[in-house]
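In our numbering, the protein residues as written are 1 to 302. Inspection log for the structure reproduced underneath, given as structure tokens.
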């Protein structure tokens, strides 16, 4: 007597695309990380660059995946259902979700249980910026990851460059240098490029992944950019004054200006957002806390 066949029906490419990975925890986290990477990438994109389909690669990939998943999972959901729908339907919609909805409301993704109680959003307002949670997710780390592990993830390319030259110990000097000088004038940056850091010449380091030209949003109408006395990072013009991007910095509510840089003196540069918010700000604010007990501890926000 012939045994009944146990072969499962073969799926089609369309079925695999629509019903595959996003339903398991690992792939759902990958989609979430792509969303976080998209937010970080767009946060400092110059405003004069047209943003229309096809979007930057990561943004386009994550929108495609979310829309396919949502269309399959909620075939009857109308565009206006549930105050904006059950899932984002485009890049603008996705960014609105990041700004308005905590992760625990992202029910279209089968995220691991540890996200069930996460009430943080991926975009903060006042000013608009990626949240600390978003920055950590963009590097594949969560709130329980030790600070040193976060730093290694964020600075992986630099750390690898030091290892390749056999100067592993030089990485510490590099880290201290960027904490000391997170913002530099164009002239100072050019001069610093002439001198080795931790025994390695800057031309052998991925400096373009560390420093970036200052975005227009940091300049006042007079063409001035100001650094914060407490965290050392750039302040953002607000009315006739300034405010700090770092949530737990004292300059968030009462800005204290340290240095003023002028656009006409050469375009200043500052360290990229993940480095300045996950490495520079905690270190400098912690140092400020030792000097004054009234500065909040950074660990509370990270």
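Note that the Cβ used here is the ideal one computed from N, Cα and C, for glycine as well.
Cβ contact annotation for residue 265 (same chain, cutoff 8 Å, sequence separation greater than five): 185, 186 and 187, in chain order. In the DSSP assignment, residue 213 forms a beta bridge with 269.
By the Cβ-count criterion, residue 277 is buried, with 16 or more other Cβ atoms from all chains shown falling within 10 Å of its own Cβ.
When DSSP states are grouped into helix, strand and coil, residue 197 belongs to the strand group. DSSP, read as helix, strand or coil, puts residue 226 in strand. When rounded, the separation of the alpha-carbon atoms in residue 58 and residue 102 is 21 Å.
In this structure, residue 242 sits near residue 226, with a CB-CB distance shorter than 8 Å. Under the three-state reduction of DSSP output, residue 148 falls in the helix class.
When C-alpha distances from residue 289 are compared across 250, 273, 269 and 33, the shortest belongs to 250.
For residue 31, the enclosing alpha helix (DSSP H) covers residues 25-43. Taking a contact as a CB-CB distance under 8 Å, the pair residue 105 and residue 215 does not count as one, their CB atoms being some 30 Å apart. With contacts defined by Cβ atoms closer than 8 Å, residue 25 and residue 111 form a contacting pair. Selection 142, 87 and 94 evaluated against residue 114 yields 142 as nearest (Cα-Cα).
Here residue 169 is not bridged, per DSSP, to any residue. Judged by beta-carbon spacing, residue 284 lies beyond the 8 Å limit of residue 244, meaning their Cβ atoms are not closer than that value. Using a Cβ distance threshold of 8 Å, residue 271 and residue 280 count as a contacting pair. Here DSSP, grouped into helix, strand and coil, assigns residue 110 to coil. In summary, residue 51 is exposed, with fewer than 16 beta-carbon neighbours lying within 10 Å of its beta-carbon over all protein chains present. Contact annotation, residue 62 with residue 35: C-beta distance approximately 5 Å; criterion of less than 8 Å satisfied. For residue 258, the uninterrupted beta strand (DSSP E) run begins and ends at 257-262, by DSSP. Under the 10 Å beta carbon count, residue 170 is surrounded by 16 or more other beta carbons and is classified as buried. Annotation for residue 133: the continuous alpha helix (DSSP H) segment containing it runs 132-138.
Residue 122 places its beta carbon 8 Å or farther from that of residue 132.
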